[in-house]
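Following the numbering used here, the numbering of the sequence shown begins with 2 at its first residue and continues without gaps.
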Amino acid sequence: MITTNNFHISRHSPLEEYTRLLNSKEEARTELLKYAADIKMQNVGKKVYFRGLIEYSNRCKKDCYYCGVRASNPGPHRYQMEDSEVLEAAKFALDNHFGSLVIQSGERNDKPFIQKIENLLTKIKDLSDGKLGITLSCGEQTRETYNRWKEAGAHRYLLRIESSSEKLYSKLHPNDTLHSFHQRLEALHTLKDTGYQVGTGVMIGLPFQTTEDLANDLVFFQDLDVDMVGMGPYIEHKDTPLYEFKNSLLPLQNRFDLSLNMVALLRILMPKINIAATTAMQAIDAQGREKALMVGANIIMPNLTPVKYREDYLLYEDKPCIDEEAAECQNCLEARIHMAGGEIGYNEWGDSLHFTYRNKMH
Ligand code: 5AD
Ligand code: FES
């Protein structure tokens, strides 16, 4: 049995070891989660940072097989938020002492889009007197675009690898240049070169995915030396091609448990990074995000997207909180975080300590 006192991870065969830990059940699992909670407290403490999430646009040129806003899905009405709406959301974040915003969008590389994001970054920085930290999650872009957006004020970037196994990646995406695994890797390296705090992540419980794949994902995060990770369970969407494999999936509860094990083990392996308690965890378990906070996560992303757009930004089904206005979400979150023993880091950027140390070493 693994206990907190003799919790040990062999460095000789990390893959086998991570796989074993990810599969841990009952007492062994309780020990894993408990050890991760201790490591979290020792390294990042009980502060939870808010990143107000703005789902800027669901227009996407890609066709990922798992995603509800993929270009070929005729279902969602396609929108792009007005500048005034984005600025209102930013104002809400500022007035409510959120340290940062995340601007997320379907992937586009056209000039008007690139320009638009750049203008919005400048306007948000002006409006907040530089106070709001801004994270972007707008997909694969050229080095030039990443540079432009950084100049305009973004300092963190999220780009999930989705799966670090090229073989699995190719089953989740069309086989064309737009969905190249190597380009995605390249984009992650470019983001690091450009000086962003870089976040990546994977989906957990995908069709064809094995626990070894997930163990490899953890090694991938370590090798890339990422600053932030957001990962959560895969949740099927009926208007996507992967839906046909729904009968081969792990039951939802197992997908959730595995996701929690991933968060815990990642916290042990990368004690000073930022880890998000993702909405997908809450989609399965009403207390999912709090559970993630307790075993390792330290970031939460309250949704600031105007309610009228949320039905059209369903990456997966049963996405929670689609009817709640931002203010209601915040009250509910505050109470939940306190119940989970956390404390909200108001008015702070809450940068990844890993990033800070990484730069000091250079
Ligand atoms: N289930 C869970 N997560 C999903 N994402 C997209 N579709 C799904 C799904 N069906 C995640 C991807 C993407 C992020 C914005 O949302 O990992 O990077
Ligand atoms: Fe939009 Fe995958 S479907 S990036």
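Think of the CB as a built atom: it goes at the ideal place given N, C-alpha and C, for glycine as much as any other residue.
Bear in mind that the values here come from a model prediction, so they are computed numbers and not experimental data.
Length of the line joining the Cα atoms of residue i and residue j
{"i": "residue 3", "j": "residue 343", "result": "Note that residue 3 has pLDDT 44, beneath the 50 cutoff, so the model's placement of it is unreliable and no number is given."}
{"i": "residue 53", "j": "residue 136", "result": "10 Å"}
{"i": "residue 146", "j": "residue 292", "result": "37 Å"}
{"i": "residue 150", "j": "residue 130", "result": "17 Å"}
{"i": "residue 148", "j": "residue 359", "result": "20 Å"}
{"i": "residue 378", "j": "residue 96", "result": "No statement about residue 378 is possible, as the shown extent of the chain runs from 2 to 363 and does not include it."}
{"i": "residue 112", "j": "residue 225", "result": "30 Å"}
{"i": "residue 361", "j": "residue 354", "result": "11 Å"}
{"i": "residue 134", "j": "residue 275", "result": "15 Å"}
{"i": "residue 191", "j": "residue 261", "result": "30 Å"}
{"i": "residue 319", "j": "residue 41", "result": "30 Å"}
{"i": "residue 334", "j": "residue 24", "result": "30 Å"}
{"i": "residue 321", "j": "residue 280", "result": "7 Å"}
{"i": "residue 347", "j": "residue 91", "result": "15 Å"}
Which listed residue (the options) has its alpha carbon closest to that of residue i
{"i": "residue 245", "options": "120, 173, 285, 62", "result": "173"}
{"i": "residue 109", "options": "93, 124, 62", "result": "62"}
{"i": "residue 100", "options": "361, 354, 345", "result": "345"}
{"i": "residue 299", "options": "33, 51, 11", "result": "51"}
{"i": "residue 222", "options": "142, 155, 25, 202", "result": "202"}
{"i": "residue 303", "options": "325, 41, 72", "result": "325"}
{"i": "residue 65", "options": "26, 204, 104", "result": "204"}
{"i": "residue 336", "options": "219, 290, 320", "result": "290"}
{"i": "residue 75", "options": "89, 90, 59", "result": "59"}
Proximity test, residue i beta-carbon vs the ligand FES heavy atom, cut-off 7 Å
{"i": "residue 79", "result": "no"}
{"i": "residue 193", "result": "no"}
{"i": "residue 124", "result": "no"}
{"i": "residue 108", "result": "yes"}
{"i": "residue 64", "result": "yes"}
{"i": "residue 149", "result": "no"}
Rounded Cβ spacing between residue i and residue j (contact assumed at less than 8 Å)
{"i": "residue 327", "j": "residue 305", "result": "5 Å"}
{"i": "residue 265", "j": "residue 297", "result": "5 Å"}
{"i": "residue 253", "j": "residue 210", "result": "Not really, about 15 Å apart at Cβ, beyond 8 Å."}
{"i": "residue 87", "j": "residue 57", "result": "7 Å"}
Any non-hydrogen atom of the ligand 5AD within 7 Å of residue i CB
{"i": "residue 180", "result": "no"}
{"i": "residue 68", "result": "yes"}
{"i": "residue 163", "result": "yes"}
Residue i CB to nearest heavy atom of the ligand COA below 7 Å
{"i": "residue 76", "result": "No copy of the ligand COA occurs in the structure displayed; its ligands are the ligand 5AD and the ligand FES alone."}
Which ranges does the beta strand (DSSP E) cover as unbroken runs of at least 3 residues, wholly within the stretch 58-131, from first to last along the chain? 101-106
May I have a chain-ordered list of the beta strand (DSSP E) segments no shorter than 3 residues that lie completely inside the stretch 228-265? Complete beta strand (DSSP E) runs here, min 3: 229-231.
In chain order, which beta strand (DSSP E) runs of at least 3 residues are fully inside the stretch 123-201? 134-138, 157-159, 198-201
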